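The listed protein sequences derive, respectively, from chains A and B.
Using our numbering, you'd call the opening residue of the first sequence number 6 and step up by one each time.
Using our numbering, you'd call the opening residue of the second sequence number 6 and step up by one each time.
Backbone N, C-alpha and C define an ideal beta-carbon position, used for all residues, glycine too.
It should be emphasised that the depicted structure is a prediction, and the values quoted were computed from it without experimental measurement.
Single-structure report; data block below.
Number of protein chains: 2
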Amino acid sequence: MARRSDSSPQELQERVLAQTCAMLEELPVSQISLREVARRAGYSAGALVHSFGSWNYLLLRVNAETLDELAAHLNQTLENKPEPARALHQIAQAYLDFALTHRNRWRLIFEHKLGPQEPLPEWHNQRIQNLFTLLERLLGELKPGATDKQLQTATRVLWGGVHGITVLCVDEKLFAEPDIQGSDLIDSLINNYLQSWTASQA
Amino acid sequence: MARRSDSSPQELQERVLAQTCAMLEELPVSQISLREVARRAGYSAGALVHSFGSWNYLLLRVNAETLDELAAHLNQTLENKPEPARALHQIAQAYLDFALTHRNRWRLIFEHKLGPQEPLPEWHNQRIQNLFTLLERLLGELKPGATDKQLQTATRVLWGGVHGITVLCVDEKLFAEPDIQGSDLIDSLINNYLQSWTASQA
DNA sequence: CGCAACAATAAAACGCTGTTTAATTAAAGT
DNA sequence: ACTTTAATTAAACAGCGTTTTATTGTTGCG
């Protein structure tokens, strides 16, 4: 068969990506296969490979969409221009919130690894860089005298810390009594870390 | 064929687990298959399934071994009885060190998920609990007046934070200039967090 | 308009996977 | 010694991602 009259190539991509995302709202990626996505989207398996390059690259496109949604979700918290410390809290909480709402898609961002022959496209790393830059700017406002190295360090400590706590929440590995919630942990991290960091010399 | 004269059932398990761990020192799980492990260990694929239950459970046993090694590695840092704050630093650095030395096995601990029909054995969660308890004890010594809830919170903030930074290091997602190392981030996290936490009231 | 070139898609083949089943045989129990 | 049990293999199975082959709709050109 050849090009179908009811679908253009980019319609295929849109439908397939939407179908994959929809399935990821209910199932982890380990329980989803290219063939199953193809069946539900109404295409053959080979068509998806032809269009995306491979199942791996298809998943990478899903990750790109998720990262864009995540960035939008985080930026939304900055709309009413909160002061820097408050902004950091809100961004972190939004990060946790997004991860808990879209667990499987969020996990996919970090679990997904390309083969050695498949280079990571530049636009992917760029998306992650952008998140860092946002945080670095906020921390800079919070402590104008800080050196570049101090800013980079603090940014990565906070981002790493928030990320780690979020991982534990998503995987339900907190092993704490139920009145201890991820949001409390994030608040504690940011409050205490910033308290000491902004006070230290320089 | 029946039981082989050159191998008892537990010899099979030992050889297979050792072979799997050995391969994980060089390759990520995604590039290792039950059949390949079986080939290299000199058994049939079915024999491994019969002995371990499934490929998933085999990997779970690998994780158990890794967790034991990790616990031993961490406890080793406490042998000369350092003061609590120093102990926390050393444990965290040992955690990072272990993860970087055995990347694929360490990743497997957190990436591995059992199917819905395969319950997590109790001994597995117990192993993780033990790590928490260790940290909680140290924090308790550091701030004797702290409530249980405060201790649980701080423990999980620190563990989550160290874990998150370690993840970024292992996956090379730090996006920082090369003179910023994971160990520096961990020091910064613990120093600043503890500084403020121990000083806060109660 | 007709026809060649192209590109999108399907269908089938391939080699791999983890698991299941059947058959075989060594060890253990009596 | 004979039965039973259990470990192991080999083969069969269904599913996977990918590759190849074949078909056919679309596009562009004379």
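query: Same chain only: Cβ atoms within 6 Å of A:Leu173, ignoring 5 sequence neighbours per side; result: Leu179
query: Contact between the stretch 76 to 90 of chain B and the stretch 122 to 136 of chain B (3+ Cβ pairs under 8 Å); result: yes
query: A:Glu30 vs A:Asn109 beta-carbon contact at 9 Å; result: yes
query: Cutoff 8 Å; reference A:Gln157; Cβ partners in own chain excluding five residues on either side; result: Glu141
query: Limits of the unbroken alpha helix (DSSP H) element including A:Ala77; result: 60 to 81
query: Within-9 Å CB hit, A:Pro33 to chain B; result: yes
query: Nearest-angstrom beta carbon gap, A:Leu163 and A:Leu113 [assumed within contact, 8 Å]; result: No, A:Leu113 and A:Leu163 are not in contact; Cβ-Cβ is about 23 Å, not under 8 Å.
query: Limits of the unbroken alpha helix (DSSP H) element including B:Pro14; result: 14 to 29
query: Whole-angstrom distance between B:Trp60 and B:Trp111, CA atom to CA atom; result: 18 Å
query: A:Gln131 (DSSP reduced to helix, strand or coil); result: helix
query: B:Arg42 and B:Ala97 closer than 9 Å at C-beta; result: The sequence shown places Val at residue 42 of chain B, rather than the Arg named in the question. Their beta carbons are not under 9 Å apart, which means B:Val42 does not touch B:Ala97 by this criterion.
query: Distance, B:Leu22 Cα to A:Arg9 Cα; result: 51 Å
query: Neighbour-count burial assignment, A:Leu101, 16 or more Cβ in a 10 Å radius; result: buried
query: Given A:Arg40 as reference, the closest of A:Leu32, A:Asp176, A:Ala159, A:Ala50 once Cα atoms are compared; result: A:Ala50
query: C-beta neighbour in chain A for B:Glu19, strict 9 Å; result: no
query: Closer than 9 Å to chain B by CB, A:Ser193; result: yes
query: Where A:Gly145 meets chain B, residues with beta-carbon distance less than 9 Å; result: Those do not exist, as A:Gly145 stays about 15 Å from chain B at its closest Cβ, beyond 9 Å.
query: Backbone secondary structure at B:Pro89 - three-state DSSP; result: helix
query: Length of the line joining the Cα atoms of B:Ala92 and B:Leu83; result: 7 Å
query: Near-chain B residues of the stretch 43 to 71 of chain A (beta-carbon distance less than 7 Å), N- to C-terminal order; result: none
query: Residue environment, A:Gln81, which counts as buried when at least 16 other CB atoms sit within 10 Å; result: exposed
query: Endpoints, the alpha helix (DSSP H) within which B:Arg161 is located; result: 153 to 175
query: Endpoints, the alpha helix (DSSP H) within which B:Gly120 is located; result: From DSSP, B:Gly120 is part of no alpha helix (DSSP H); its letter is neither H nor E.
query: Helix, strand or coil at A:Asp189 according to DSSP, with G and I counted as helix; result: helix
query: Option in A:Gln155, A:Ser205, A:Gly58, A:Leu143 with minimal Cα separation from A:Pro124; result: A:Gly58
query: Presumed contact (8 Å Cβ cut-off) between A:Gln200 and B:Ser201, rounded CB distance; result: 4 Å
query: Run of the alpha helix (DSSP H) containing B:Ser56, from where it starts to where it stops; result: 50 to 57
query: Test: B:Glu116 CB closer than 9 Å to a CB of chain A; result: yes
query: Simplified DSSP assignment, three categories, for B:Glu141; result: helix
query: Chain B residues whose Cβ lies nearer than 7 Å to that of A:Gly165; result: Gly166, Gly169, Ile170, Leu173, Leu190
query: B:Lys148 at chain A interface by Cβ criterion, 9 Å; result: no
query: 9 Å Cβ cutoff, B:Gln95 in contact with chain A; result: no
query: 9 Å Cβ cutoff met for B:Leu72 and B:Leu17; result: no
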